[in-house]
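Going by the numbering used here, the first residue of the sequence shown is number 773, and it counts up by one from there.
Glycine is no exception: its CB is placed at the ideal position from the N, C-alpha and C atoms.
Below: one structure, written as structure tokens.
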Amino acid sequence: MVAVRPGDVEATLSRLDPLRPVLLLFGPDSGLVRERAKAYLARASAGSDDPFGLIRLDGDEISGDPGRLVDEAGTVALFGGRRVVSLRVGSRNVVPAVEALLAQPPEQAIVVIEAGDLKRGQGLRALCEASPHALAIACYADSERDLSRLIDTMMAEAGTQLDRDARGELMALLGGDRMASRGEIAKLLLYAAGEPRITSAHVRAIVGDASSLALDEIADATFAGQPADMASAFAKATGEGMRADIVLGAVCRTAQALHQMRLAVEAGGSVERAVEGARPAIHFRRKPFIEKALRSWTVARLETALFALDDALLAARRNAALGPAIAERALLQVAAQARRG
């Protein structure tokens, strides 16, 4: 099997392997798949003067003509040198085409295949992992170490520094997709251009979904029993055009998450363990608010609050003009209940 281990990926991709001219990149992180494919294709094409040396194929197109992939990989480059073929897998089966290619591996070509998340032991993944002529590399969401390396690299290239707190916030907002993470970091660098250091304020202002962060602030202040903070965050959000029913919907989702975590606590678990085990994971900035809420709310009281919020949500949707007033009143009532403990 030629399934590349995670620790060997960077070294493997840093050089071309003439004995394994076919490279399969797959996995749930499509951005990382694209980034690695782009870099490997550039390495394979380096030094070529042939404008037609890089051929891009669509998997859905060649699925009905399996021999085309073999033909393209076997075609002699117009100006000599290496032929480079990029194949992006779509919704149709390309296994017959790749199977034919591996049966006749090209001597003067590199073929890079981009695919989505493939199950172990099945189809295209199994075929490439079992072939001595192919490399198969899985692309999963970045680990903390990967993210840290990406941030360090981009900061160094830009010649700027990142505060420790800002790094923590930035890492918490990144990681689902490599290309998206790279884009968010680039956006941050552009936003903070000319500043001596990048701070948490820069990160909060530009990275990720600012509206999502605002909703979190409202929900956290509500259930932590901080009505003044809630009212301030609510006024800011609605003043920037956020609809009241959107706010209430987000607060309801937080109530549901708290309900699930509180059930775990009342079953004998600790607050800290309930928070750490929450899925999706809770941003580290929210954890103090969530932990405080879990200590002051019971399952029964959360259910009562959720019913009240649901009623307010329905009323706000029925009467958009009064929506902000309806929402703020309901949120203040919940915050007051939290404050009373």
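- Task: Check whether the segment 790-800 touches the segment 826-833, counting contact only when three or more Cβ pairs, one atom from each stretch, lie closer than 8 Å.
- Result: no
- Ile-957, DSSP secondary structure in three states: helix
- Item | Contact check, Val-1023 vs Leu-1066, beta carbons under 8 Å | no
- Message: Would the segment 914-930 count as touching the segment 940-953 if we require 3 or more Cβ pairs under 8 Å?
- Response: yes
- Message: Determine whether the beta carbon atoms of Ala-993 and Ala-1107 lie at a separation below 8 Å.
- Response: yes
- Selection from Gly-839, Ala-816, Ala-1077 and Ala-1087 that minimises the alpha carbon distance to Gly-1113: Ala-1077
- Query: Between Phe-1079 and Asp-988, what straight-line distance do the alpha-carbon atoms span, to the nearest angstrom?
  - Reply: 20 Å
- Take the Cβ of Phe-995 as the centre, count every other Cβ of all protein chains shown within 10 Å, and call the residue buried at 16 or more, exposed below. buried
- Item | Classification of Glu-929 by the beta-carbon crowding that lies within 10 angstroms, buried from 16 upward | exposed
- Do Ile-882 and Ile-923 have their CB atoms nearer than 8 Å? no
- Rounded to whole angstroms, what's the CA-CA distance from Gly-997 to Arg-1111? Just pull it up for me. 4 Å
- Inter-residue Cα distance where the pair is Pro-790 and Ala-816: 11 Å
- Query: What did DSSP end up calling Ala-818 once you bin it into helix, strand or coil?
  - Reply: coil
- Item | Residue closest to Gln-894, alpha-carbon to alpha-carbon, out of Ala-908, Ser-1068 and His-1055 | Ala-908
- For the alpha helix (DSSP H) containing Arg-860, list its first residue and its last residue. Careful: Arg-860 lies outside any alpha helix (DSSP H), inside the beta strand (DSSP E) at 855-860.
- Query: Is the Cβ-Cβ distance between Pro-904 and Pro-868 less than 8 Å?
  - Reply: no
- Query: From the DSSP output, which residues share a beta bridge with Ala-910?
  - Reply: Phe-798
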